[in-house]
Amino acid sequence: MKPFLEELIETALAFLQQQSLLPDNIEPEIRIERTRDRKHGDFACNIAMTLAKAARRKPRELAEQVVGALPESHLIDKVEIAGPGFINFFMSPAAFQEIVPVIFDEGEGFGRSDLGAGKPVQVEFVSANPTGPLHVGHGRGAAYGAAVADLLAAVGYDVHREYYVNDAGRQMDILAASDFLRYLELCGEEVTFPTNGYQGDYVWDIAASVHRKLGEKHRRDWSDIANYLPPDEPAGGDKEAHIDAVIAHSKKALGTGNYREIFDRGLKYILDDIRDDLASFGVRYDEWFSERSLTDTGAVDRAIERLKLSGHVYEQGGAFWFRSTDFGDEKDRVVIRDNGQHTYFASDIAYHMDKMERGFERVIDVWGADHHGYVPRVKAALMALGDEPSKLDVLLVQFAILYRSGEKVQMSTRSGEFVTLRQLRKEVGNDAARFFYVMRKCEQHLDFDLDLAKSQSNDNPMYYIQYAHARVCSVMRQLEEKGLAYDQEAALQQLDRLTESHEQALLVNLSRYPEVVEAAALSHEPHVLTHYLRELANDFHTWYNAHQFLVDEDSLRNARVALNLAVRQVVANGLGLLGVSAPESM
RNA sequence: GCGCCUGUAGCUCAGCUGGAUAGAGCGCUGCCCUCCGGAGGCAGAGGUCAGGGGUUCGAAUCCCUUCAGGCGCGCCA
Numbered sequence: 015m016k017p018f019l020e021e022l023i024e025t026a027l028a029f030l031q032q033q034s035l036l037p038d039n040i041e042p043e044i045r046i047e048r049t050r051d052r053k054h055g056d057f058a059c060n061i062a063m064t065l066a067k068a069a070r071r072k073p074r075e076l077a078e079q080v081v082g083a084l085p086e087s088h089l090i091d092k093v094e095i096a097g098p099g100f101i102n103f104f105m106s107p108a109a110f111q112e113i114v115p116v117i118f119d120e121g122e123g124f125g126r127s128d129l130g131a132g133k134p135v136q137v138e139f140v141s142a143n144p145t146g147p148l149h150v151g152h153g154r155g156a157a158y159g160a161a162v163a164d165l166l167a168a169v170g171y172d173v174h175r176e177y178y179v180n181d182a183g184r185q186m187d188i189l190a191a192s193d194f195l196r197y198l199e200l201c202g203e204e205v206t207f208p209t210n211g212y213q214g215d216y217v218w219d220i221a222a223s224v225h226r227k228l229g230e231k232h233r234r235d236w237s238d239i240a241n242y243l244p245p246d247e248p249a250g251g252d253k254e255a256h257i258d259a260v261i262a263h264s265k266k267a268l269g270t271g272n273y274r275e276i277f278d279r280g281l282k283y284i285l286d287d288i289r290d291d292l293a294s295f296g297v298r299y300d301e302w303f304s305e306r307s308l309t310d311t312g313a314v315d316r317a318i319e320r321l322k323l324s325g326h327v328y329e330q331g332g333a334f335w336f337r338s339t340d341f342g343d344e345k346d347r348v349v350i351r352d353n354g355q356h357t358y359f360a361s362d363i364a365y366h367m368d369k370m371e372r373g374f375e376r377v378i379d380v381w382g383a384d385h386h387g388y389v390p391r392v393k394a395a396l397m398a399l400g401d402e403p404s405k406l407d408v409l410l411v412q413f414a415i416l417y418r419s420g421e422k423v424q425m426s427t428r429s430g431e432f433v434t435l436r437q438l439r440k441e442v443g444n445d446a447a448r449f450f451y452v453m454r455k456c457e458q459h460l461d462f463d464l465d466l467a468k469s470q471s472n473d474n475p476m477y478y479i480q481y482a483h484a485r486v487c488s489v490m491r492q493l494e495e496k497g498l499a500y501d502q503e504a505a506l507q508q509l510d511r512l513t514e515s516h517e518q519a520l521l522v523n524l525s526r527y528p529e530v531v532e533a534a535a536l537s538h539e540p541h542v543l544t545h546y547l548r549e550l551a552n553d554f555h556t557w558y559n560a561h562q563f564l565v566d567e568d569s570l571r572n573a574r575v576a577l578n579l580a581v582r583q584v585v586a587n588g589l590g591l592l593g594v595s596a597p598e599s600m
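15 is the number of the first residue of the first sequence in the numbering used here; add one for each residue after it.
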């Protein structure tokens, strides 16, 4: 409907130009907006205000002329000029009734568009270190990234969903060493477990699976490893130095091949667990991209080489530094340490170089907000590589804080005392988790009210929306039970029976849905959709409470059942984009 | 100390990228109702948009600044 009105305005402006009432050299940007207040009609246009200066006329005067030049349309009841020069359109009821057959025709496709024209977009999200199960913080990234990806797909982008697996680096070594030590304990060794090792129960599970599969193949004397270890923290030492030595001694005691075997078993175990967790959460990926592969394929070396050749890398103190300050970063960053190892950042440069080489029109990274300091350096790297940094959008997702009975749920990643995503899903269900996670824009801290998420009441927005869907289905069941007929062909000719204000409001909101999906997708803000669905459900329940659908009169019943079905379709479509089910009964 | 994010009703949050009298849900107050699915309907109170400057026809929205909270400032990942 917006494009239709834009066309009318355009026609009017062209006419005014023809009459020399407007200069020819203007480039008017016509924007039609939904009004906030019914008194202002259904749509408003501020073109008279924006063009007033160029036309050298008062906004209201110009508005008069624009309105005078508007072509007639049966979809418009009246046009008013109001306030400082707004042109307000009052649409006829018929204009909004038209949405019902459109919804029926397009079905599940209603709200989708080809705006993105199949352009390739990558969404990388979660990408948690495979050193333990996903926790509730990762859950928000998962729900958020999945929703953004699905929204972009809905408006016609070719979306590639990717998980970056940090299968290299020190954290993974710590996990491997932790697995190994637990394994030794299972073998009967008396082990002093390092403070900085991974303490979670899953480490025991990994160790047990290794023990089950390989028996005592990798058993070593604890003293082989414990000898000459620098003291751990409780003994007054440095826990970091201690764990590094534990890793080194473990590697030495096992030999590279055996160490790698334990390392890979731990990695696989956790990655399988994460995959399973996310799949159960309705979050699917097109690709699991291995960080290690970047080293193996030489991508990291190639990236650094490119930076060296273009003069953006220099050597200092035995290390190689990327001169990111040339591109707006606060300080230069090491890419190769003095021990010859490349840094995590070097992998990240290579990874983003690879993303660009794969030809994505747009790359979206969903990161935890604690990584915000990395944005400037990654963008700097893209610039240095000659890529367009604006192609990269980093969505920084703030942490979610759980509340139970009004109290903050305490969480700490130390000693494995955190709430896992799996626990949360079990407690509140997948639907509520997916919905609550995306209810707030990403940069907003999320207060996740567990009691509300679980509650079967209208206070729970997710429940309220699902309930609307279930109610529609219930009406359809009763239609059948009562032996009443519904003739959709006829109904589409009888939509003019939808004269109640509640029905008008519903029709208007149904017609908004494609705009909402588009806005949510382009701004990467799924919360826009959750708010919309809440409003739509509210309109539906209000209507439901005020009127009988299953009336005796055929034409009115047909029209109302048709509207009912249109609501069901839109609610189901909207929930579907958020990964939330639309139950027929609850 | 520097950088990023946040600050809107009692609470949790919207506010369509500068528009009209700043909205919703919950909570609160009063009245009505109890009908397809757990209740609902109507009305009302509640705001210095953190404070202060600036930009312009017009600012919650853009710029500067102060305050408060969160996060980040490794040759860790």
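From the three backbone atoms N, C-alpha and C, an ideal C-beta is built for every residue, glycine too.
Model, not experiment: these values are computed from the prediction.
Cβ contact annotation for Val452 (same chain, cutoff 7 Å, sequence separation greater than five): Ala157, Tyr158, Ala161, Pro540, His541, Thr544 and Leu592, in chain order. In the DSSP assignment, Ile113 falls within the unbroken alpha helix (DSSP H) covering Ile113 to Glu120. Assigned with DSSP and collapsed to three states, Cys456 falls in coil, not helix or strand.
Taking the Cα positions, Ala191 is about 24 Å away from Ala360.
Using a Cβ distance threshold of 7 Å, Asn102 and Asn143 do not count as a contacting pair. With respect to Tyr177, Tyr299 sits close: the two C-beta atoms are nearer than 7 Å. C-alpha of Asp38 to C-alpha of Phe18: approximately 23 Å in a straight line. Runs of the alpha helix (DSSP H) spanning 4 or more residues and lying entirely within the segment 403-483 occur at 435-442, 444-451 and 464-468, in chain order. CA-to-CA, the gap between Gln185 and Thr145 works out to about 7 Å. Between the alpha carbons of Asp463 and Leu285 lies a distance of about 29 Å. At least 7 Å separates the beta-carbon of Tyr500 from that of Val584.
Across the set Arg347, Ala519, Gly211 and Lys455, the C-alpha of Gly211 shows the shortest separation from the C-alpha of Val260. As computed with DSSP, Ala333 is found in a beta bridge with Gln330. Glu503 is classed as exposed because its beta carbon has fewer than 16 other beta carbons within 10 Å across all chains shown. In summary, Glu24 is exposed, with fewer than 16 beta-carbon neighbours lying within 10 Å of its beta-carbon over all protein chains present. Note that the C-beta distance between Gly170 and Ser127 is below 7 Å. Cα atoms of Ile95 and Arg70: separation of roughly 18 Å, rounded to the nearest angstrom. With fewer than three CB-CB distances shorter than 8 Å, the segment 105-125 does not count as touching the segment 60-70. Between Tyr328 and Arg175, the alpha-carbon positions lie close to 35 Å from each other. It is roughly 12 Å from the alpha-carbon of Tyr273 to the alpha-carbon of Leu189. Ranking Val314, Gln437, Leu129 and Arg485 by CA distance to the CA of Phe554 puts Arg485 first. In the three-state reduction of the DSSP assignment, Phe277 falls in the helix class, which pools H, G and I. Cβ-Cβ separation between Val433 and Gly155: approximately 15 Å, too far for a contact (criterion under 8 Å). Taking Arg548 as the centre and dropping the five residues before and after it, the same chain places the C-beta of Pro475, Tyr478 and Ile479 closer than 8 Å to its C-beta, in chain order. Assignment of Asp568 by DSSP, reduced to helix, strand and coil, places it in the helix class. The continuous stretches of beta strand (DSSP E) do not include Arg351, and DSSP gives it neither H nor E. The three-state secondary structure of His386, taken from DSSP, is helix.
When only Cα atoms are considered, Ala267 and Thr209 end up about 21 Å apart. Taking C-beta atoms under 8 Å as the contact rule, Tyr197 and Val224 qualify, at a distance of about 5 Å. Shortest Cα-Cα distance from Leu321 to any of Ser307, Ile363, Gly312 and Asp310 involves Ile363.
Collapsing the DSSP output to three states places His174 in a strand. Between the C-alpha atoms of Arg74 and Met15 there is a straight-line separation of about 24 Å. For Pro134, there is no enclosing alpha helix (DSSP H); the enclosing beta strand (DSSP E) covers residues Pro134 to Glu138. Comparing alpha-carbon positions, the option among Glu532, Val137 and Phe124 lying closest to Glu301 turns out to be Val137. DSSP places Asn559 within a helical segment (H, G or I) once states are collapsed to three.
In this structure, DSSP gives Arg45 a state outside helix and strand, which the three-state scheme calls coil.
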